[in-house]
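Chains as they are written, first to last, in our numbering: chain A, 38 to 436; chain B, 38 to 436.
Shown next, in the form of structure tokens:
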């Protein structure tokens, strides 16, 4: 009989509660509010926090990640949050509703922090973001970070670069005070969004292999070196088709796919997970921001000889009204002309272009072909020469 | 010295007039209001309608297409239009402005006819479309034609299926009367949009080869069998990467690319045109409609063993507001699992999905891979399992 155990289900308690029949019908024993504490690989059992031992034929680890919180004074105070789980989100919403928040500080200008700028501003909470880096969204080119920064400014969200938190204490004008290397800031709510770490302890304790990324090592079948143990989702590594390395890319869509692959293999079928190209996007106010593949420094590390270009084009025909400025960056290998990475930013069409280029990255397509790809052109959807064509043609000149 | 001669430039007279300096600077002799009447391949000269003979080293034919008008009484009457050239558009706009049109009839429910529904309705002209077929947009699956038909209805545009025109005469309640096999209709404006034919006469007279599509045969370099004569754009054939046949797909973006390829080859460079996958889109009111590749019957003709499926998914995360229903059809080869064609229809995200699948079609990607492609997932832009994944997984079951 299959079991589901642990945190992830616990977080989704309401969801599970709505469909207990469905689980029972399929013969699945869902155990909530317990934690898997130890895996005994020889005996093929898992010890739960309530003391029971559960035997297994196949074990799937889906232990996810935990939001990283620095070891700084005050991080445990009321009003200081991370945003990783459904209960985190509910806690933030409850706090906002009950405490009449006027101001919020977000520590970390990654995609979670930036998405929360829009959410908090939308609730009329004055919002400011700080980051240790000189700019927001450092995965993206500085030229695109600048656009993101402008979008924050346009919506009255402050951004403090080169700023790290040292401690949190009670505030004077607002509930909380954040001490940083660039001075003191106050707010009613502080969100810490400086990254996540894989929950690999159960695997480490069981002697399974951990990759250099800190996540659990798996093969294409999502299997660990133990024949009977699989790992899926944010807790494990994933093969990057462009860098050709195993890396840690904890994203929901990837986790979904890995779960299915493991499930099919556990169930006696055969399936491999084909890997990822590192596609990612987020929305910050009116701006779509997306990327796939690798940047110049990752390309160098992998052994490629990167060249890159940024072009500014139009997402739709220039003759049509509306905001349509679209920036596309492409990185390619000088020797082969193979596309290695792409980034896009714009009020419309950015994510869609990156999805198309994800497909190109997937197959190792060269710029020469990308420059003449056949798209479903019509003026409301693109110019006759799409920004993708223009960027590829521009970059071809550097080969 | 390069020459540009003929209709296309004539249509764009205003455009050229704005940049005569630019043409002169580059040493290009632009001749307007003349027509190339005869090509003498032995003497390498072109006779113009003003009697002059122009010598050439390389000749590029870009004679385009002509809107097809049936040989029916009354098609030459005032108020009866086609829409192919810039002057056609100007004539329609002038007529609409000057004649207080209350009602328009569109003959032909292809993409030009359907785009004009939106344009005319937007000017408060009551609009009705007729077509010989039982449904609009026959390139698309009947299930999608139904959605298009519903979109017309929702915007009070009538559609008369199985209806062909026989003649036009003066009207009683409106300026014009259209006689059809299903009765008499009246309107102030009639637009005939039942397709186009390649302008291949110059090539035919010169003894160049014409394909079974009626368009001029070229090779990958856009060259005709005559070493010194090229053809580009709507007048010539194009290689379809999926059907692996030379066909006629007269679209602006394809023409642009072919022009560049021929230009580079004429100029002493070397470049091939890699072909198309038949990507196409149009917008009708709030609906995006797109397709790429081939359908079941084209697949059979080409020798494939097609299977197909239609799924209805969400263009963005279900939790977000707004119209997001998206239909995707996929056609694949049963033997190899290779994607052969895709169609999409929806208020958002349809064209973008087809562009991504165009890239997949370009490289001959199989469903197995498409079902697990890595996209830049975020809820404002797609569900974690994109409709593309769902359609591919659905169709995989039929292999």
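C-beta: ideal position from N, C-alpha, C; glycine also.
Identify which residue in the options has its Cα closest to the Cα of residue i.
i: residue 236 (chain A); options: A:71, A:99, A:265; result: A:99
i: residue 363 (chain B); options: B:233, B:356, B:385; result: B:385
i: residue 191 (chain A); options: A:218, A:132, A:174, A:155; result: A:155
i: residue 248 (chain B); options: B:145, B:268, B:223; result: B:268
i: residue 147 (chain B); options: B:389, B:218, B:327; result: B:327
i: residue 436 (chain A); options: A:416, A:370, A:394, A:381; result: A:370
i: residue 428 (chain A); options: A:315, A:255, A:394, A:299; result: A:394
i: residue 159 (chain B); options: B:177, B:323, B:114; result: B:323
i: residue 398 (chain B); options: B:97, B:222, B:330; result: B:330
i: residue 149 (chain A); options: A:131, A:118, A:132, A:137; result: A:118
i: residue 130 (chain B); options: B:109, B:178, B:162, B:434; result: B:162
i: residue 241 (chain B); options: B:263, B:402, B:308; result: B:263
i: residue 176 (chain B); options: B:403, B:404, B:380; result: B:380
i: residue 417 (chain B); options: B:239, B:216, B:359; result: B:359
Distance check for residue j and residue i, CA to CA, integer angstroms please.
i: residue 104 (chain A); j: residue 271 (chain A); result: 12 Å
i: residue 407 (chain B); j: residue 426 (chain B); result: 6 Å
i: residue 411 (chain B); j: residue 266 (chain B); result: 44 Å
i: residue 73 (chain A); j: residue 95 (chain A); result: 15 Å
i: residue 342 (chain B); j: residue 76 (chain B); result: 44 Å
i: residue 203 (chain B); j: residue 315 (chain B); result: 32 Å
i: residue 201 (chain A); j: residue 111 (chain A); result: 15 Å
i: residue 193 (chain B); j: residue 335 (chain B); result: 34 Å
i: residue 361 (chain B); j: residue 392 (chain B); result: 18 Å
i: residue 297 (chain B); j: residue 289 (chain B); result: 13 Å
i: residue 132 (chain B); j: residue 116 (chain B); result: 7 Å
i: residue 424 (chain A); j: residue 254 (chain A); result: 38 Å
i: residue 122 (chain A); j: residue 68 (chain A); result: 18 Å
i: residue 184 (chain B); j: residue 178 (chain B); result: 10 Å
i: residue 413 (chain A); j: residue 62 (chain A); result: 46 Å
i: residue 50 (chain B); j: residue 293 (chain B); result: The predicted model places residue 50 (chain B) with a pLDDT of 48, which falls under 50 and marks its position as unreliable; any figure quoted below should be read in that light. For residue 50 (chain B) and residue 293 (chain B), the distance between alpha carbons rounds to 18 Å.
i: residue 125 (chain A); j: residue 403 (chain B); result: 40 Å
i: residue 206 (chain B); j: residue 151 (chain B); result: 24 Å
i: residue 339 (chain A); j: residue 217 (chain A); result: 36 Å
i: residue 84 (chain B); j: residue 209 (chain B); result: 48 Å
Taking the beta carbon of residue i as the centre, do at least 16 other beta carbons fall within 10 Å, making it buried, or is it exposed?
i: residue 372 (chain B); result: exposed
i: residue 127 (chain A); result: exposed
i: residue 439 (chain A); result: Residue 439 (chain A) falls outside the range modelled here, since chain A spans only 38 to 436, and no answer is possible.
i: residue 214 (chain A); result: buried
i: residue 377 (chain B); result: buried
i: residue 90 (chain A); result: exposed
i: residue 389 (chain A); result: buried
i: residue 43 (chain A); result: Only weak support is given to the placement of residue 43 (chain A): the predicted model assigns it a pLDDT of 49, under 50, and the question is left unresolved by the model.
i: residue 137 (chain B); result: exposed
i: residue 280 (chain B); result: buried
i: residue 320 (chain A); result: buried
i: residue 114 (chain B); result: exposed
i: residue 346 (chain B); result: buried
i: residue 350 (chain B); result: buried
i: residue 145 (chain A); result: buried
i: residue 310 (chain A); result: buried
i: residue 107 (chain A); result: exposed
i: residue 92 (chain B); result: exposed
Would residue i pass as an interface residue toward chain C - the criterion being a Cβ-Cβ separation below 8 Å?
i: residue 168 (chain B); result: This model lacks chain C altogether; the protein chains it does include are A and B.
Between residue i and residue j, is the Cβ-Cβ spacing less than 8 Å?
i: residue 139 (chain B); j: residue 211 (chain B); result: yes
i: residue 400 (chain A); j: residue 102 (chain B); result: no
i: residue 234 (chain A); j: residue 220 (chain A); result: no
i: residue 181 (chain B); j: residue 382 (chain B); result: yes
i: residue 199 (chain A); j: residue 174 (chain A); result: no
i: residue 86 (chain B); j: residue 71 (chain B); result: yes
i: residue 432 (chain A); j: residue 375 (chain A); result: no
i: residue 415 (chain A); j: residue 318 (chain B); result: yes
i: residue 259 (chain A); j: residue 282 (chain A); result: no
i: residue 222 (chain A); j: residue 142 (chain A); result: yes
i: residue 276 (chain A); j: residue 300 (chain A); result: no
i: residue 325 (chain B); j: residue 421 (chain B); result: no
i: residue 261 (chain B); j: residue 278 (chain B); result: no
Is it the case that the CB of residue i approaches a heavy atom of the ligand GDP more closely than 7 Å?
i: residue 159 (chain B); result: Ligands in the displayed structure: none, and consequently the ligand GDP is not present.
Stretch pair the segment 74-93 of chain A + the segment 225-235 of chain A: three plus CB contacts closer than 8 Å:
no
Touching by the beta-carbon criterion (3+ pairs, under 8 Å), the segment 296-316 of chain B and the segment 346-358 of chain B:
no
Please confirm if the segment 188-208 of chain A is in contact with the segment 165-177 of chain A, defined as three or more CB-CB distances below 8 Å between the two stretches.
yes
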